[in-house]
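**Q** Numbering-wise (full-length UniProt numbering), the sequence shown opens with residue 1 and increments by one.
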Amino acid sequence: MSISSKRILAVPVLGVGHVNACAGVSLPLLKRGHRVVFFLEKQFAGKISELGFEEIVYEIDYEPDDTAGTNNKTPGEQTAHFLLTKGVLGNKNRLSQIERLADIPWDSDSKRIQIDRHLRNAIQTFKPDLFIVDNHKLQPAIFYSGKPWINVISIVPLLYLNDIESLPPAWSGLSTDSDRKQWPKYREVLNHIFYDKKLNDLIEKMGYKRYPNDFLMPKTESLTIYSFPEEYDYPEIKQCHPDWFNIEVFNKIKKHDNIDIKELVPKEFYDDDLDGYFTGKWIYVSMGSMGSVDLDLMHRLIDALSKTNHKYIVSKGPRHEEYELKRNLWGDRYLPQMKILTVVDLVITHGGNNTVTETFAYGKPMIVMPMFVDQHDNAQRLSEKKLAIKIDPYDFNDEQLIKAIDQILNDEQLKRRLLSASNRIQNSPRHEQLCDKIEEILSKS
């Protein structure tokens, strides 16, 4: 479909994965001549413009006790530090994790009011024809704008399927064939994440009508997009939501993104043959911001991995200066993950949805060590589909991890399955098909 240039405002919740997901949806629209602007807090200024997008940047006057605004950490690092101090991260019961999350006041009323004011100003100035939203709380300025909005689900979609009784509750890490007597207690807690009287009181105070049933995220009438490769997708999604669009992976790795490991790691590290014992296998380790702030976990991983003769590229995260890597490991605070995925033999990951779908789309085997919310769901689903190995990051021994690494590196049948899936995804026209769907919505706006 060919239509005149339209104005699109992307409004992701602050977080690298959410921003990148909206970018993956929006890039084809940008290439077709539409004007796409991202609404971003100051910490993200300049992060998305290099892809060709415009930015509307706002700044929040944080209250003195609001630690999120009082340091120079990235939003992801702020969240990781916040969750660590609140006792959410660590060796916690998954139900207890969800209960703690449901009780945490994520944003002050002051911050929400400021964001609403900045967003209303952006809408008045930019006059968007369409919104692209990745958040589990919808801004009322969007809902009452009179313009269509698209719901982007960049996490595992189970959170938005809490009413489908045949699917396990989100963030539980429970299998599809687990004891269903456990499921209701999770669903009950999750309902507190969907409904919020206090937030709707604030919405009313700001001059808007309350959302129906005090929802936090009313259902869109336009389009819902999620990312979950067909090989392990839940069939119930298509049955219950045939209008949802599964993009499978938000950002594909392009062939020209391939690099040589020599370009990435120091020459001394590349040339070291580990006294003649180097296996030739390169493994990427990324525990995300959430995992890398846990120094006890990182030390345990490093100690175990140093006992092998493989080489590891480690995303060290925000506390990169507080721990050292051993001879067969090299890393840095930030690494070009998409490019690294093209050259490694295995990925050890926390199980964040973007990392998992990107790794899967490039046909790389995974060991998933989940710590938090939908990471548990990814680990369980991949494990039950025999597409990855799941290991508890707080209850493993060196021998178990080393055995899993060797097992998955030598699993030729899995490699063939992953390569087949990768070829299918890389050749899929879904991004262009999605662009067509969005243009159809725009043509009616």
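Glycine included, each C-beta is placed from N, C-alpha and C at the ideal position.
(1) Could you tell me whether any non-hydrogen atom of the ligand FAD is closer than 7 angstroms to the CB of S420?
(2) From which residue to which residue does the alpha helix (DSSP H) around L305 run?
(3) E439 to D129, Cα distance in whole Å?
(4) Could you have a look at P157 and say whether DSSP puts it in helix, strand or coil?
(5) Are the beta-carbon atoms of E248 and T357 separated by less than 8 angstroms?
(6) Please give me, in chain order, every unbroken run of the alpha helix (DSSP H) with length at least 4 that falls completely inside the segment 119–192.
(7) Could you tell me the alpha carbon to alpha carbon distance between G331 and R319, rounded to whole angstroms?
(8) What residue from A141, I132, N151 has the CA that sits closest to Y211's CA?
(9) Please classify H18 as buried or exposed, where buried requires at least 16 neighbouring CB atoms within 10 angstroms.
(10) Nearest to L387 by alpha carbon, out of E77, V373, K364, F396?
(11) Which residues in the same chain have their Cβ closer than 8 angstroms to the Cβ of Q407, if we skip the five residues on either side of it in sequence?
(12) When you compare the CB positions of P218 and L138, do they come within less than 8 angstroms of one another, or not?
(13) Y334 by DSSP, collapsed to three states: which one?
(14) Hey, V25 and L442 are a contact pair by Cβ (cut 8 angstroms); roughly how many whole angstroms apart?
(15) Could you check what DSSP says for N200 in three-state terms: helix, strand or coil?
(16) Please report how far the alpha carbon of E41 lies from the alpha carbon of D271, in whole angstroms.
(17) Measure the C-alpha to C-alpha separation of V293 and K444 and round it to an integer number of angstroms.
(18) Do you know whose CA, among E59, R35, R32, V373, lies nearest A45's CA?
(19) Excluding the five sequence neighbours on either side, which residues of its own chain have a C-beta within less than 8 angstroms of the C-beta of V57, listed in chain order?
(20) Can you tell me where the alpha helix (DSSP H) holding A23 begins and where it ends?
(21) Check each candidate in K339, G291, N151, L30 and name the one with the smallest Cα separation from L223.
(22) Can you confirm whether the segment 224–231 touches the segment 278–294 when touching is taken to mean that 3 or more C-beta pairs between the two stretches lie within less than 8 angstroms?
(23) Compute the Euclidean distance between the alpha carbons of T220 and P336, then round it to the nearest angstrom.
(24) Report all residues from its chain with a CB closer than 7 angstroms to the CB of L89; omit the five preceding and five following residues, and keep chain order.
(25) Kindly list the residues whose CB is nearer than 6 angstroms to the CB of residue 448, restricted to its own chain and excluding five residues on each side of it in sequence; keep chain order.
(26) Could you tell me the boundaries of the alpha helix (DSSP H) in which E384 lies?
(27) What is the DSSP secondary structure of L341, reduced to helix, strand or coil?
(28) What distance in whole Å lies between the Cβ atoms of K311 and F278, which are believed to be in contact at a cut-off of 8 angstroms?
(29) Provide the residue(s) that pair with P12 in DSSP beta bridges, ordered along the chain.
(30) Alpha carbon to alpha carbon, what distance is there between E99 and E165?
(31) Are the CB atoms of V11 and V133 nearer to each other than 8 angstroms?
(32) Between which two residues does the beta strand (DSSP E) harbouring K267 extend?
(33) Considering Cα atoms alone, identify which of K281, K262, N246 is closest to F430.
(34) Roughly how far, in whole angstroms, is the beta-carbon of I48 from the beta-carbon of A23, given that I think they are within contact range, below 8 angstroms?
(35) Is E185 near Q426, with beta carbons less than 8 angstroms apart?
(36) Roughly how far, in whole angstroms, is the beta-carbon of I348 from the beta-carbon of V265, given that I think they are within contact range, below 8 angstroms?
**A** Working from what's here:
(1) The model depicted lacks the ligand FAD and carries no ligand whatsoever.
(2) For L305, the enclosing alpha helix (DSSP H) begins and ends at 295–305.
(3) Whole-angstrom Cα-Cα distance: 11 angstroms.
(4) Here P157 sits in helix by DSSP.
(5) Cβ atoms of E248 and T357: closer than 8 angstroms.
(6) For the segment 119–192, whole alpha helix (DSSP H) runs of length 4 or above, ordered along the chain, are 140–143.
(7) Between the alpha carbons of G331 and R319 lies a distance of about 12 angstroms.
(8) A check of alpha carbon separations from Y211 across A141, I132, N151 identifies A141 as the nearest.
(9) Buried: at least 16 other Cβ atoms inside 10 Å.
(10) The shortest Cα separation from L387 among E77, V373, K364, F396 belongs to K364.
(11) Taken in chain order, the residues that qualify are I389.
(12) Yes, these two residues count as a Cβ contact at 8 angstroms.
(13) Coil, per DSSP.
(14) About 13 angstroms separates the beta carbons of V25 and L442, which is beyond the 8 angstroms limit, so they are not a contact pair.
(15) Looking at N200 - three-state DSSP - the assignment turns out to be helix.
(16) Here the alpha carbons of D271 and E41 stand approximately 43 angstroms from one another.
(17) Cα to Cα, V293 sits roughly 47 angstroms from K444.
(18) Out of E59, R35, R32, V373, E59 has the C-alpha closest to the C-alpha of A45.
(19) Take V57, set aside five residues on each side of it, and the residues of its chain with a beta-carbon closer than 8 angstroms to its own are L40, E41, K42, F44, A45, in chain order.
(20) Counting along the chain, the alpha helix (DSSP H) containing A23 begins and ends at 16–31.
(21) The shortest Cα separation from L223 among K339, G291, N151, L30 belongs to N151.
(22) In short, these stretches do not touch, since the Cβ pair count stays below three.
(23) Cα-Cα distance, rounded: 34 angstroms.
(24) Only L83, M290, D294, M371, F372 meet the Cβ criterion.
(25) The question about residue 448 has no answer, for the chain in this structure spans 1 to 445.
(26) Counting along the chain, E384 sits inside the alpha helix (DSSP H) bounded by residues 374–384.
(27) DSSP places L341 in coil when its eight states are reduced to three.
(28) About 7 angstroms separates the two Cβ atoms, so the contact holds.
(29) For P12, which the question treats as bridged, DSSP gives the partners D134.
(30) Cα to Cα, E165 sits roughly 20 angstroms from E99.
(31) Cβ atoms of V11 and V133: closer than 8 angstroms.
(32) It is not in any beta strand (DSSP E) - K267 instead sits in the alpha helix (DSSP H) that spans 267–271.
(33) Checking the displayed sequence, the identity of residue 430 turns out to be Arg instead of Phe. Selected option, being the one with the closest Cα: N246.
(34) Right, the Cβ-Cβ distance comes to about 6 angstroms (below 8 angstroms), so this counts as a contact.
(35) In the sequence under discussion, the amino acid at residue 185 is Lys, which differs from the Glu named in the question. Contact: no.
(36) Actually they do not touch by this definition, with Cβ atoms about 17 angstroms apart.
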